[in-house]
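Visitor: Take the sequence shown: its position 231, counting from 1, is numbered 231 in UniProt numbering, and each next residue is one higher. Take this structure first; my questions come after.
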Amino acid sequence: MSYIPTLASCGDMEQDGGVPCQPNMITSCTGRNPLCAQMEDKSSFKCCSDIPQDSSDIETLEGTQIKPLCPNGAIPFKMPQVMLCDPSIVNICPYDYTCVEAENGHLLPSDSRSLCCKTSTLYSFGKVFIEAGLTPKIVPNAPLSGIQYTTLNVHTSALLHSPEIRTGDHFSLSPYKILEPAFIKKVVLYQQQTKGSYLHVLLFDPNSLLENMQFYYDRVCDGGKEINLEEPIPDDRKMWVVLVYKTVDPLTRMYISISTDLHAKYQNVVQFLRSPTAQRLGTPIAGSYFYLTTD
């Protein structure tokens, strides 16, 4: 009952010979969550990837083309692929996983509305960061909630919008032309935030030993779920982590020496997350991580 994305697209590729690949060399495939899939002849493998299902694409897709999502950013079995399940069958999912209805189940056919999600992450999003090895080693306080999706800068006339990247996604830079250095254009949360509060977004490479991060602060909340961040800040990453913080007052008013702290009191993001500034930010209200691969 495993869900293999874009089998239809694989068929389209196969008509022209397709893009051959080897299961142990997934880096040869590109796109959204690229996959080296075995073809129907059982003797060849071709590159596949997720069908785009961004907000602007959903209305154009059939229900069978839409990938089910675990609720509130929980971890699906074999992320970023998923495993469908029948909730009427007891213990149908692997150990530590529970069969639940997808958060986008209303868009799916009745026989594919449920999938296997990691049980611990269904009840606490913080467990997602623990499973990824981010908390407590790098991020001391795990986020309280997930992020629906993040959009980055894209440079290609073939796309009218930036792809929506969700927790655990792997994006190869081709054909989406996600630029490096990358910057965040928008973050969409699961919950609405208090109108008039201030949101602060941190983006960083958890594997870098250098001071490589982007910090967007004092974004006034309009009471919705979206955080629009159009100002580019240079950086270059492979694995990216996104954290969102919320404060009642502007960070610059709370802590007048913010610029001094940012430039002088730490050498990398691990130190920053344990700095006085990070302590004033408190526990992240939402978080996500994803991967990008360069050409």
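In this text, a Cβ means the ideal position worked out from N, Cα and C, and glycines have one as well.
Which residue comes first and which comes last in the alpha helix (DSSP H) that contains PHE45?
Guide: PHE45 -> not in any alpha helix (DSSP H); beta strand (DSSP E) instead, spanning 45-48.
Visitor: Which one of ARG274, CYS21, PRO23, CYS70 has the shortest CA to CA distance from ASP169?
Guide: Looking at the Cα atoms, CYS70 is the closest of the given residues.
Visitor: Looking at the secondary structure, which residues open and close the beta strand (DSSP E) in which SER172 lies?
Guide: Start and end: 170-172.
Visitor: Tell me the start and end of each unbroken beta strand (DSSP E) in the stretch 46-108 that is at least 3 residues and wholly inside, in chain order.
Guide: List check, beta strand (DSSP E) in window: 97-101.
Visitor: Find the nearest neighbour of PHE272 within the set LYS46, ASN141, THR247, TYR289, judged by alpha-carbon distance.
Guide: Taking only the C-alpha atoms, the option nearest PHE272 is ASN141.
Visitor: When burial is assigned at 16 or more other CB atoms within 10 Å of the CB, is HIS200 buried or exposed?
Guide: Its Cβ being crowded by 16 or more others within 10 Å, HIS200 is buried.
Visitor: Alpha carbons only, please: which of GLU226, MET79, GLY282 is nearest the one belonging to LEU251?
Guide: Checking every option, the nearest Cα to that of LEU251 belongs to GLY282.
Visitor: The alpha helix (DSSP H) spanning ILE130 covers which residue range?
Guide: That run of the alpha helix (DSSP H) goes 126-131.
Visitor: Do you know offhand how far ILE233's Cα is from PHE183's?
Guide: With a pLDDT of 36 at ILE233, under the threshold of 50, the predicted position of this residue should be treated as unreliable, though the coordinate-derived value follows. Those two C-alpha atoms are separated by around 6 Å.
Visitor: Flag this pair as yes or no: are the beta carbons of PRO206 and ILE138 separated by less than 8 Å?
Guide: Yes. Within cutoff.
Visitor: Output yes or no for whether 8 Å exceeds the beta carbon distance between ILE66 and LEU108.
Guide: Closer than 8 Å, so yes.
Visitor: In three-state terms, what does DSSP make of GLN192?
Guide: In the structure shown, GLN192 sits in coil (DSSP, three-state: anything other than H, G, I, E or B).
Visitor: Residue range of the alpha helix (DSSP H) that THR277 falls in?
Guide: 276-281 is the span of the alpha helix (DSSP H), which, as asked, contains THR277.
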